[in-house]
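**Q** Counting from 3, one number per residue, gives the positions in the sequence shown under our numbering.
Please see the structure below; I have some questions.
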Amino acid sequence: MVIERNPAGLILSAGFSSRMKDFKPLMKIGGKTPLEILIDHLRIAGVQEIFVVVGYNAEILTDYLSDKNVHVVENKNFEQGMFTSIQCGVRAASDAGHDCFLMTPVDIPLVPPYIMKAVMNRFYNVAPQNGKAPFVVPCYEGKKGHPLLIPAEYTEEILASGGENGLKSVTSRYEDRFIRVDTHCRGIILDMDTQEAYRELSDYYSEAKYPDEEQCFKIIERMETPGHVVKHCQAVTDTAVAITEALNASGCHFSVPLVRAAGLLHDVLRVRKAHWEAGAKCAMDYGYPEVADIIMDHMHYVPTLPVHEIDEKDIICLSDKLRQEDKLVTLEDRLAPVKIRWADNPEALGIIEHKINAAGAVLHYIEGVTGRDVYEMLREHDEHKQEEEPQGYRRRVILIRHGETQRHKEKIFLGQTDVPLNEEGKDQCTIVGIEMQHFDVDTDVVYCSDLRRARESAKIIAGIMGDRYHVQPVPEFREMNLGGWDGKYISEVREKYPEEYAKRGRDLIRFKIDETAENFEELRDRVVPKFNEILESTEGDIVIVSHSGVLLVLKCEITGRSLEQIRRMKFRRGTYEFLEVGEEYLQRHQIAIPD
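What follows is the structure, encoded as structure tokens:
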């Protein structure tokens, strides 16, 4: 069931700023005022209606906010303290029909949009406690921060309170109804009450302008970016940082932190449709607009010719074109699969040629500034990195999910029901096959499920990869047997078997629909022994085209995760992922390590 959301943003900006000895709402932090930052972040978080409570210098702020599309609420009693501003804001937002208020003082402006989203998600996804909706507050190292989410149902109580202890005169009665959202974001507790605090906050803003490497990998983990995409992002980052450092050593002043962050996150959501838009939105949610700008443009950006100057975006876009996954390639080689895909479209080919020429112009500009051959510099970098990598048994496993299938009137439970690919699915497999040509796949066998959608996918992919590759169906790689629910509409099952459907949701890994069906544990016991048999009896890469359940089971097994983590994992149709089997896996499965 979709829950209708109607939150309001509530910014308290009525105080004297007496301890600051300056007017806090209009001071600058990185070129923006605290009001601008908070309004922008609330909008990015999906809060459209924003109420700003003003008092001291009300005319100045009302004029300043006139083009910000917010509701200005004047507190005539602001001299009596912040609680009166809370009451003014809550009254205005409640009268407008909002169901909750995301409240923060103007002097705590560095709350990123993703924190605001997390707070709202917890509110809307949690049932009322003892008949009353919960307050929600983000915390940093145990300390409550902002924004505080106030449910609208407490409006009358807040308005009736004398406010002897501020808002605590109300919230202290409901400590058992507080939900605390733990975060790693110090920005939720940083205020600017004094000049010293303002300097600390400004320093934090400058340092937190771009995510560091650790933060980037946390985002990558949360977004469940596939391993081979992470490798590509790391390779692009290494390339871009090496180029940036060479340019800076020649007198330029490019931002290495921006380049590193944009490189690591540029393909963070590559398995999504319009991944550049999804990735840019993700970066904006985390409060990194400059990183988001590069992510948004990296797929379609073309510099103006002739190239007289470049910026960090040019460096990332060039570095992305110089890496086929993690392999260093020429610009011509990198765009070769795109040329194949659009071979029958002269207009598209013209655009591709223009992109190659423009990227080449950026490359020559860099070589002119640094006095170095870019390819030679990057080859040296790769050789040095290879020397540092640990040696030992490693075997590449390429997991590919079949393409989109023939659609039904509505969603069905699709297990071993045999359905063909549709045209979109065939196109997805064609793209996968073209991309596989550039991975030096070391095998001549493409294993697949014996169900039609997987066989068709494998044949398309293998046919494009080259004549040496042949398809070998493997019954053990069939999708999970869903018993009596297989092929049935999900809505029909939910209506006819509500208790069983709910039980499946609670225990997805072990639930069996009936005695003819399988659960994830039984699926693992069918799939993994066959995979190990292939592992022991062959050499080189292992390519498997199969289904979501089979591939997720294999991914858990190869990476050492428990099956319970499948709940949080996805494997989209027409996508692939590279994994590696190492000595630890062989030891765990008592397989002899090859000499």
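Ideal Cβ placement from N, Cα and C applies to all residues, glycine included.
Please give me, in chain order, every unbroken run of the beta strand (DSSP E) with length at least 3 that falls completely inside the region 413-489.
**A** Within the region 413-489, the complete beta strand (DSSP E) runs of at least 3 residues are 447-450, 472-475.
**Q** Which class does F125 belong to by DSSP, given the choice of helix, strand or coil?
**A** In the structure shown, F125 sits in a helix (DSSP, three-state: H, G or I).
**Q** What residue from L525, I191, E517 has the CA that sits closest to L565's CA?
**A** When each option's Cα is compared against that of L565, the closest is L525.
**Q** Expressed to the nearest angstrom, what Euclidean distance is found between the alpha-carbon atoms of L44 and V139?
**A** Computed Cα separation, rounded: 15 Å.
**Q** Mapping DSSP to helix, strand and coil, what is Q388?
**A** DSSP places Q388 in helix when its eight states are reduced to three.
**Q** Does DSSP classify I593 as helix, strand or coil?
**A** Coil, per DSSP.
**Q** Using a Cβ-Cβ cut-off of 7 Å (strictly less than) and excluding sequence neighbours within five positions of I342, which residues of its own chain qualify?
**A** Closer than 7 Å at Cβ, skipping near neighbours: I436.
**Q** Any C-beta of chain B sitting closer than 8 Å to the C-beta of E406?
**A** Given the protein chain composition of this structure (a single chain), no chain B is represented.
**Q** Determine, using beta carbons only, whether D516 and G486 come nearer to each other than 8 Å.
**A** Yes, these two residues count as a Cβ contact at 8 Å.
**Q** State the start and end residues of the unbroken beta strand (DSSP E) segment that holds F53.
**A** First-last of the beta strand (DSSP E) with F53: 51-56.
**Q** Less than 7 Å between C-beta atoms, sequence neighbours within five positions excluded: which residues of the same chain meet that for L320?
**A** Result list for L320: A361, V364, L365, in chain order.
**Q** Quick check: R403 and L553, are their CB atoms within less than 8 Å of each other?
**A** Their beta carbons are under 8 Å apart, which means R403 touches L553 by this criterion.
**Q** In the DSSP assignment, find the alpha helix (DSSP H) that holds F522 and state where it starts and stops.
**A** That run of the alpha helix (DSSP H) goes 522-539.
**Q** Would you kindly work out how many angstroms separate the C-alpha atoms of N123 and H186, rounded to a whole number?
**A** Going by the C-alpha atoms only, they are around 17 Å apart.
**Q** Taking only the alpha-carbon atoms, compute the straight-line gap between Q82 and I88 and give it to the nearest angstrom.
**A** Computed Cα separation, rounded: 12 Å.
**Q** Quick check: I353 and A264, are their CB atoms within less than 8 Å of each other?
**A** Taking 8 Å as the Cβ cut-off, I353 and A264 do not qualify as a contacting pair.
**Q** Cβ atoms of I39 and V72: under 8 Å apart, would you say?
**A** No, they are not a contact pair.
**Q** Would you identify the three-state DSSP class for C141, choosing helix, strand or coil?
**A** Of the three classes helix, strand and coil, the one that applies to C141 here is strand, per DSSP.
**Q** May I have the straight-line CA-CA distance separating G602 from H148, to the nearest angstrom?
**A** Outside the displayed span of the chain (3 to 597) sits residue 602, for which this structure offers no information.
**Q** Using CA atoms only, rank isn't needed, just tell me which of V495, E292, V371 is closest to V258.
**A** For V258, the nearest C-alpha among the options comes from E292.
**Q** Could you tell me whether the Cβ atoms of G417 and L484 are closer together than 8 Å?
**A** Contact flag set, yes.
**Q** On the criterion of 16 or more Cβ atoms from any shown chain inside 10 Å, does I595 qualify as buried, or is it exposed?
**A** Exposed, by the Cβ-count rule.
**Q** Straight-line CA distance for T227 to D420?
**A** Their backbone Cα atoms lie some 30 Å apart in a straight line.
**Q** Can you tell me the Cβ-Cβ gap for R179 and K134, rounded? I've got them flagged as a contact below 8 Å.
**A** Sure, about 6 Å apart at Cβ, within 8 Å.
**Q** Below 8 Å between beta carbons: does that hold for F80 and Y58?
**A** Yes, they are a contact pair.
**Q** Below 8 Å, can you find three or more Cβ-Cβ pairs linking the region 239-254 to the region 321-336?
**A** Yes, they touch.
**Q** Starting from L28, follow the alpha helix (DSSP H) in both directions and report where the run begins and ends.
**A** Note, L28: premise wrong, no alpha helix (DSSP H); not H, not E.
**Q** With the cut-off set at 8 Å, would you say E327 and H230 are in Cβ contact?
**A** Yes.
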